[in-house]
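Asker: The structure under discussion is supplied below as structure tokens; questions concerning it will follow.
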Amino acid sequence: MLVQIKKKAPLVHCMTNYVVANFTANGLLAVGASPIMADEVKEVSEIVSIAQALLINIGTVNDRTAEAMLLAGKTANELSIPIVLDPVGVGSTSYRKQLVKHLLNKIQFDLIRCNAGELAAIAGEVWQPKGVDSGTGEIDIAKIAKRVALQYTCLVIVTGESDFITDGHEGIHVSGGKKIATHITGTGCLLSAICAASLASSGMNPMQSLAATLKDYKQAAEQSTNEVGTFALQFMNTLQKLSEVER
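Okay, so the sequence shown: first residue is 49 according to the working numbering, each after it adds one.
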């Protein structure tokens with residue numbers, strides 16, 4: 049799927065958090081997509097109108113950017129541009145919970161990309177959050193993910209040791225990857241951006257395309273070092289190599 053993204057070279061409008069903006073932009077460039085980061089209310093509609101996909105990531109959201117996200121999402125819906133929601137740390141505060149609920153009610157998302165804790169928060173399940181990390185709890189991920197997918201009429205990806213993607217009816221498990229990837233800030237956020245690029249580049253079956261994207265992403269992690277300090281560099285290089293090889 050990374051090869052397909054490189055062929056299509058979509059422009060992805062990333063409304064993301066300042067912790068990962070640079071990593072996300074470079075990751076999209078590595079696979080041949082084009083990133084643009086804009087969150088000014090006065091221009092987001094114009095930016096969305098020239099993009100092929102929109103990412104809404106609430107990692108460092110505030111009232112100003114929340115307003116811009118809502119406007120961007122509505123514009124993308126009007127133009128049939130695919131939208132990915134990354135509800136970072138949604139279970140951590142009531143502000144985030146209320147915001148995500150509002151976004152989901154006002155915007156038709158194509159994909160929610162989350163971890164188990166974020167899924168639990170969106171679904172109203174009992175869970176112990178830990179900041180922006182997954183936290184701890186016990187839920188039937190496949191069952192809850194399918195329920196959320198049906199509720200919001202979108203695809204849901206729950207990432208973890210084994211990723212799970214569903215359209216509410218069928219589900220696909222994707223295994224692999226490396227745990228060290230969870231110790232690098234931004235790997236999940238970059239995945240959400242690449243999923244947006246995938247939706248902009250896929251054909252008739254976005255679920256299968258996203259499953260292939262998850263496989264490629266895990267393969268890139270598997271082919272990278274076990275040292276935290278150099279993982280990000282090798283990971284980025286591997287993403288580039290995977291996007292350039294016809295398979």
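Idealized CB from N, CA, C, for every residue including glycine.
Looking only at C-alpha atoms, which of L287, A81, A57 and A244 sits nearest to L203?
Answerer: When only C-alpha atoms are compared, the closest one is A244.
Asker: What alpha helix (DSSP H) runs, 4 residues minimum, are completely inside the stretch 160-225?
Answerer: 164-171 and 189-200
Asker: Beta-carbon separation of V306 and A259 under 9 angstroms?
Answerer: The question about residue 306 has no answer, for the chain in this structure spans 49 to 295.
Asker: Return the first residue and the last residue of the beta strand (DSSP E) that D134 is part of.
Answerer: Residue range I131 to D134 is occupied by the beta strand (DSSP E) that includes D134.
Asker: For A114, collect the residues of the same chain with a Cβ closer than 7 angstroms to its Cβ; drop the 5 residues on either side in sequence, then sort them by chain order.
Answerer: L147
Asker: Does DSSP put N153 in a helix, a strand or coil?
Answerer: helix
Asker: Ordered along the chain, which non-local residues of its own chain (more than five positions away) have a Cβ less than 7 angstroms from that of S249?
Answerer: Within the same chain, S249 has close Cβ partners Q52, I53, K56 and P58.
Asker: Sorted by chain position, which residues of the same chain lie with C-beta nearer than 6 angstroms to I232's C-beta, five sequence neighbours on each side aside?
Answerer: If we look at I232 and ignore the five residues flanking it on each side, its Cβ neighbours are F279 and A280.
Asker: I'd like to know whether the C-beta atoms of F157 and I192 end up nearer to each other than 9 angstroms.
Answerer: No, the pair does not count as a contact, with Cβ atoms beyond the cut-off.
Asker: Given that a residue counts as buried once 16 or more other Cβ atoms are within 10 Å of its Cβ, and exposed if not, what is S257?
Answerer: buried
Asker: Compare the beta carbon distance of M49 and K263 with 9 angstroms and say whether it is the shorter of the two.
Answerer: yes
Asker: To the nearest angstrom, how far is the alpha carbon of G277 from that of A229?
Answerer: Going from the Cα of G277 to the Cα of A229 covers about 11 angstroms.
Asker: Leaving out five residues on either side along the sequence, give the residues of the same chain with a beta carbon under 6 angstroms from the beta carbon of S210.
Answerer: H221 and S223
Asker: For L247, collect the residues of the same chain with a Cβ closer than 8 angstroms to its Cβ; drop the 5 residues on either side in sequence, then sort them by chain order.
Answerer: The answer, listed in chain order, is A101, P130, V132, D158, L159, P254, S257 and L258.
Asker: Pick out whichever of A120, G236, H150 and S240 has its Cα sitting closest to the Cα of D87.
Answerer: A120
Asker: Bridge partners of A101, per DSSP?
Answerer: V60
Asker: Locate the alpha helix (DSSP H) running through I242, then write down its first and last residues.
Answerer: T235 to S249
Asker: Let's see if you can read the secondary structure: which residues bound the beta strand (DSSP E) around S82?
Answerer: S82 to I84
Asker: Between G172, Q199 and L198, which has its C-alpha nearest I187's C-alpha?
Answerer: G172
Asker: What is the rounded straight-line gap between the Cα of G225 and the Cα of F283?
Answerer: CA-to-CA, the gap between G225 and F283 works out to about 11 angstroms.
Asker: Out of Q176, N163 and V68, which has the shortest C-alpha to C-alpha gap to G107?
Answerer: Of the candidates Q176, N163 and V68, the residue whose Cα lies closest to the Cα of G107 is V68.
Asker: Helix, strand or coil for G139, going by three-state DSSP, please let me know.
Answerer: The three-state reading of DSSP puts G139 in coil, since its state is none of H, G, I, E or B.
Asker: What did DSSP end up calling V109 once you bin it into helix, strand or coil?
Answerer: coil
Asker: With distances taken between CB atoms, is the gap from A78 to N285 smaller than 9 angstroms?
Answerer: With contacts defined by Cβ atoms closer than 9 angstroms, A78 and N285 form a contacting pair.
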